Structure formats: structure tokens, C-alpha cells
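A.B. asks: Dropping the structure in here first, questions after.
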Amino acid sequence: MNEDSFFEKAPRQRSPHMVPWIVVGIIAVVALIISIVIVTVARSGEGAASDGGRTPTQTEAPATEEPEETDAPDEESVPSVDVGDTFDVPIGAWGVTAQASQKFGSIWYDLQGENLVLSSPLIDSLPDSCAEMRSQWGITRTPAGEYEVLKPAERCEAAPEVYDELWGLTAAMAESIR
Numbered sequence: 001m002n003e004d005s006f007f008e009k010a011p012r013q014r015s016p017h018m019v020p021w022i023v024v025g026i027i028a029v030v031a032l033i034i035s036i037v038i039v040t041v042a043r044s045g046e047g048a049a050s051d052g053g054r055t056p057t058q059t060e061a062p063a064t065e066e067p068e069e070t071d072a073p074d075e076e077s078v079p080s081v082d083v084g085d086t087f088d089v090p091i092g093a094w095g096v097t098a099q100a101s102q103k104f105g106s107i108w109y110d111l112q113g114e115n116l117v118l119s120s121p122l123i124d125s126l127p128d129s130c131a132e133m134r135s136q137w138g139i140t141r142t143p144a145g146e147y148e149v150l151k152p153a154e155r156c157e158a159a160p161e162v163y164d165e166l167w168g169l170t171a172a173m174a175e176s177i178r
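Residue numbers (UniProt numbering): 1 to 178.
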């Protein structure tokens with residue numbers, strides 16, 4: 001301290017051993033900012049990268065003649081649905097690619113033998129009374145090399161419109177496999 005005034009403080013001198021820590025701190029902050037930018041760019045480009053940079057295509061349902069109305073709906077015919085825009089779903093283990101409707105939302109699958117079991121927000125929207133059906137949607141590869149819809153044996157009576165949409169979209173996905 002200075003003898004002239006008790007309240008005056010002596011000028012503070014910087015310690016040279018703190019300089020490396022300051023540099024490390026600045027580098028850490030810059031690295032953190034760069035990593036956030038890279039992750040953000042990667043996530044925003046994820047949709048474009050997953051479909052090979054292609055824009056979604058519009059797949060039209062095949063035109064069919066209107067059958068005469070009957071009292072009971074045909075339980076074996078695939079419901080007609082508007083597929084809308086689609087995106088590629090590569091199935092590496094089978095060496096094929098399918099076109100999935102964007103109505104599924106983000107889609108993922110689990111291969112169980114010759115069955116490809118689908119998961120998506122649309123499938124998860126089935127009500128709790130049909131919860132066991134959520135893991136029964138997908139595609140089956142037959143011994144002849146054809147692809148068929150894997151669906152629950154019984155119809156979800158609590159949400160028949162969701163069931164029919166899932167059935168139609170899954171059938172369109174199975175038909176699109178190349």
C-alpha cells in the first residue's frame with residue numbers, strides 16, 4: 001500500500017502464470033461454439049442427406065374403379081389412401097430401398113428374421129386399447145423374394161381410420177421396394 005493514503009490501492013500486477021489458462025478458456029469457448037454450429041448444420045441437412053439430396057416425390061395411388069357399395073367392407077383389400085410426399089428408406093440388410101410416406105413422420109425399423117417391423121409417430125398414435133398393435137406393422141420378405149404387408153391380424157376398432165391409413169401406407173411402402 002501507499003503510505004500517503006490509507007485508502008489508495010496499489011496497482012494490481014498480472015500474474016504471467018494465468019495467461020495459459022485464459023488462452024485455454026478462450027479456445028474451449030470457441031470450440032464449443034463451432035461444435036454447436038456443426039451439429040445444427042448437420043441436423044438441418046439431415047433430411048436432405050437421408051434422401052440423397054433429392055426432393056420428395058409425389059406418389060399417386062393407382063386409379064381404381066369404385067366397387068358397388070356393400071354393407072360390410074372387404075377385410076382383405078388394402079384401403080385406398082393418399083400417400084403424399086415420400087422419402088427413401090434404405091434397408092441395407094436386404095439390399096433394397098423403399099419409399100415411405102412422410103405421413104409416417106420419422107420412421108425407423110427393426111429387422112426380425114424376414115420381418116421388417118416399423119416404428120413411427122403415426123404408428124404410435126394408435127390408442128392405448130390397440131397398444132399391442134404398435135409393434136405389428138411392417139413388411140415381410142417372402143421366400144420368393146416378394147414383399148408383403150405385415151399387419152395386425154385384427155382391426156383396431158378404437159381407431160379404424162388410423163388402422164386403415166397405416167395399412168394403406170405400409171402397402172404402398174412394400175410395393176415401392178426396389
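Glycine included, each C-beta is placed from N, C-alpha and C at the ideal position. Note that the structure is a prediction, hence the values are computed from the model and not measured.
Would you mind giving the Cβ-Cβ distance between R141 and E165, rounded to the nearest angstrom? I have them listed as a contact below 8 Å.
C.D. replies: In the sequence shown, residue 141 corresponds to position 141, counting from 1. In the sequence shown, residue 165 corresponds to position 165, counting from 1. That belief does not hold up - the Cβ atoms of R141 and E165 are roughly 23 Å apart, past 8 Å.
A.B. asks: Which residues in the same chain as Q102 place their Cβ atom closer than 7 Å to its Cβ, once the five residues preceding and following it in sequence are excluded?
C.D. replies: Working through the sequence shown from its first residue, we reach residue 102 at position 102. Same-chain partners within the cutoff: P56, G84, D85, T86, F87.
A.B. asks: Could you compute how far the alpha carbon of Y163 sits from the alpha carbon of S44?
C.D. replies: Walking along the sequence shown from the start, residue 163 turns up at place 163. Walking along the sequence shown from the start, residue 44 turns up at place 44. Their Cα atoms are separated by approximately 32 Å.
A.B. asks: Would you tell me roughly how many angstroms separate the C-alpha atoms of E8 and G25, rounded to the nearest one?
C.D. replies: As a first step, residue 8 is located in the sequence shown; it is residue number 8 there, counting from the start. As a first step, residue 25 is located in the sequence shown; it is residue number 25 there, counting from the start. Each residue's alpha carbon lies about 32 Å from the other.
A.B. asks: Once the 5 residues before and after S135 are set aside, which same chain residues still bring their CB inside 7 Å of it?
C.D. replies: Residue 135 sits at position 135 when you count from the first residue of the sequence shown. Excluding positions up to five away in sequence, the list reads V117.
A.B. asks: In terms of residues, what are the limits of the beta strand (DSSP E) holding P90?
C.D. replies: Here residue 90 refers to the residue found at position 90 when the sequence shown is read from its first residue. That run of the beta strand (DSSP E) goes 84-91.
A.B. asks: Where do the N-terminal and C-terminal ends of the alpha helix (DSSP H) with L126 fall, by residue?
C.D. replies: Numbered from its first residue, the sequence shown carries residue 126 at position 126. Unbroken run through L126: none, as it is neither H nor E.
A.B. asks: So which of V30, W94, I34, A31 has the shortest CA-CA distance to P143?
C.D. replies: To locate residue 143, count along the sequence shown from 1; it is residue 143. If we check each option's Cα against that of P143, W94 comes out closest.
A.B. asks: According to the neighbour-count rule (16 or more other Cβ atoms, all chains shown, within 10 Å of its Cβ), is G92 buried or exposed?
C.D. replies: As a working note, residue 92 is residue 92 in the sequence shown. The residue is exposed, with fewer than 16 neighbouring Cβ atoms inside 10 Å.
A.B. asks: How is W167 classed by DSSP in three states: helix, strand or coil?
C.D. replies: Numbered from its first residue, the sequence shown carries residue 167 at position 167. If DSSP states are grouped into helix, strand and coil, W167 belongs with the helices.
A.B. asks: Our contact map puts Q99 next to M173 with C-beta atoms below 8 Å; I'd like the distance itself, whole angstroms only.
C.D. replies: As a working note, residue 99 is residue 99 in the sequence shown. As a working note, residue 173 is residue 173 in the sequence shown. At roughly 7 Å, the Cβ-Cβ gap stays under 8 Å, so Q99 and M173 are in contact.
A.B. asks: Three-state secondary structure (DSSP) at E112?
C.D. replies: Residue 112 sits at position 112 when you count from the first residue of the sequence shown. The question names Glu, but residue 112 in the sequence shown is Gln. Residue state, collapsed to three classes: strand.
A.B. asks: Report the three-state DSSP secondary structure of residue 191 (helix, strand or coil).
C.D. replies: The shown model of the chain, from 1 to 178, leaves out residue 191, and the question about it has no answer.
A.B. asks: Near S176, which residues of its chain fall below 6 Å by C-beta distance, leaving aside the five closest residues on each side in sequence?
C.D. replies: Along the sequence shown, one-based indexing puts residue 176 at 176. Closer than 6 Å at Cβ, skipping near neighbours: A98, Q99.
A.B. asks: Nearest CA to the CA of D128: which residue from A159, W21, A31, L169?
C.D. replies: In the sequence shown, residue 128 corresponds to position 128, counting from 1. D128 has its Cα closest to that of A159, out of A159, W21, A31, L169.
A.B. asks: Would the C-beta of Q136 count as close to the ligand MN, meaning under 7 Å from any of its heavy atoms?
C.D. replies: The ligand content of the structure shown is nil, which means the ligand MN is not present either.
A.B. asks: With the cut-off set at 8 Å, would you say V78 and G138 are in Cβ contact?
C.D. replies: To locate residue 78, count along the sequence shown from 1; it is residue 78. To locate residue 138, count along the sequence shown from 1; it is residue 138. Their beta carbons are not under 8 Å apart, which means V78 does not touch G138 by this criterion.
A.B. asks: How many angstroms separate the CA atom of E148 from the CA atom of S125?
C.D. replies: Position 148 of the sequence shown, counted from the first residue, corresponds to residue 148. Position 125 of the sequence shown, counted from the first residue, corresponds to residue 125. For E148 and S125, the distance between alpha carbons rounds to 23 Å.
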